[in-house]
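Structure record follows, encoded as structure tokens.
Residue numbers (the numbering used here): 826 to 1001.
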């Protein structure tokens, strides 16, 4: 019996479920938001919120615990330096799950899992005005077509043999 169990099984073994959730959270950290089924989003939300809490602690032990899930030092660095500082004043609620339309193939409920605070937008630095592009050189004149050889009356009256004019179809040179 499954009394007092807190996680959804997601129709997977424990190893597969753990790998799935790790991958979802890794992509969430890379892209800032992901689209997945609603059940997966709810489970990944729990794990992502725990990782942001570890990022707010900032200790070596919390970095190592985050590395167990993220499996990439660059992602751990991004979590601790870019993402966690956004949520210093929040006690919880680092991610949100927004429902989307159902998936067309099987009707599964889809959701968007995203961080609740967007990264700080840096003011755009005005670019230096670009110099006008240099004038292009005039194009060369298109090649003149070759003149077609004119058939004389002698060639037109000349007998073509048993197969007539079909022979040149078999002996024709292929272009290219």
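We put the CB at the ideal spot given by N, CA and C, even for glycine.
Being a predicted model, the structure only gives us computed values, none of them experimental.
Check residue i in the structure and name its three-state DSSP category.
| i | result |
| --- | --- |
| residue 864 | helix |
| residue 906 | helix |
| residue 844 | helix |
| residue 858 | strand |
Quick check on residue i - is its C-beta less than 8 Å from some C-beta in chain C?
| i | result |
| --- | --- |
| residue 921 | The question asks about chain C, but that chain is absent: this structure has only one protein chain. |
Determine the direct distance from the alpha carbon of residue j to that of residue i, and round the result to whole angstroms.
| i | j | result |
| --- | --- | --- |
| residue 909 | residue 900 | 12 Å |
| residue 944 | residue 856 | 12 Å |
| residue 874 | residue 868 | 10 Å |
| residue 861 | residue 886 | 31 Å |
| residue 889 | residue 871 | 19 Å |
| residue 895 | residue 859 | 16 Å |
| residue 832 | residue 951 | 50 Å |
| residue 884 | residue 932 | 43 Å |
| residue 965 | residue 898 | 56 Å |
| residue 969 | residue 929 | 56 Å |
| residue 902 | residue 916 | 21 Å |
| residue 911 | residue 918 | 12 Å |
| residue 830 | residue 907 | 34 Å |
| residue 978 | residue 967 | 33 Å |
| residue 843 | residue 893 | 11 Å |
| residue 851 | residue 927 | 24 Å |
Going by the beta-carbon positions, is the gap between residue i and residue j smaller than 8 Å?
| i | j | result |
| --- | --- | --- |
| residue 939 | residue 920 | yes |
| residue 925 | residue 936 | yes |
| residue 845 | residue 853 | no |
| residue 961 | residue 913 | no |
| residue 828 | residue 934 | no |
| residue 876 | residue 904 | yes |
| residue 849 | residue 865 | yes |
In chain order, each beta strand (DSSP E) run of at least 3 residues that lies wholly inside the segment 868–937:
Taken in chain order, the complete beta strand (DSSP E) segments of 3 or more residues contained in the segment 868–937 are 920–927.
Stretch-stretch touch, CB-based, cutoff 8 Å, three pairs: the segment 968–981 with the segment 950–959:
no
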